[in-house]
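Following our numbering, the numbering of the sequence shown begins with 18 at its first residue and continues without gaps.
Reviewing the structure listed below.
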Amino acid sequence: MRIECDRHGARRRYGSSLQRSLGADSIEVHSETAVASLYTLKVGGREVQIRFSQEADSSFYQVALASLAAKQTRECLMDAWNLWFSTRLPDVRATKGYAKDGKRWLFDAGESLAAFEIDSSLLRRNR
């Protein structure tokens, strides 16, 4: 099995994240270059090859379709988020959730989140 993925920014090393996330029995690093990072994982007796490439969505239609599906899903979830909060915090403008706008939304919502027993740290991305 081979899995093609789009690279996340300038990141080159995915091995430890793959190991941790997928619980691979072993992982072989073939390359981690500016163009692509290629790994073979052994998981439950099966070999899985995973490649992260720059602009994979331009080279592989499957990656492009997955990217579109992910973006559409995100938009639908943000619409649901905004609908839920608009009925509870009508003075807070909706957000698309991206960094700058998300920070604006958190600032505007401020102390009002405490009334819903929502810890604002759960609404922030932690890397």
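All C-beta atoms, glycine included, are put in the ideal place defined by N, C-alpha and C.
Contact under 8 Å by Cβ, residue i with residue j
i, j, result
"residue 130", "residue 138", "no"
"residue 64", "residue 57", "yes"
Candidates the options, of which the one nearest residue i by Cα
i, options, result
"residue 41", "92, 104, 123, 67", "67"
"residue 113", "104, 102, 107, 92", "92"
"residue 158", "142, 43, 103", "In the structure as shown, the chain begins at 18 and stops at 144. Residue 158 is therefore absent and cannot be evaluated."
Own chain partners of residue i with C-beta closer than 7 Å, once the 5 adjacent residues on each side are dropped
i, result
"residue 76", "70"
"residue 84", "23, 74"
Secondary structure of residue i, DSSP reduced to three states
i, result
"residue 23", "strand"
"residue 88", "helix"
"residue 78", "helix"
Straight-line Cα distance separating residue j from residue i
i, j, result
"residue 108", "residue 51", "46 Å"
"residue 54", "residue 29", "6 Å"
Cβ shell of residue i (< 8 Å), same chain only, five flanking positions each side left out
i, result
"residue 44", "32, 35, 36, 56, 57, 58, 59"
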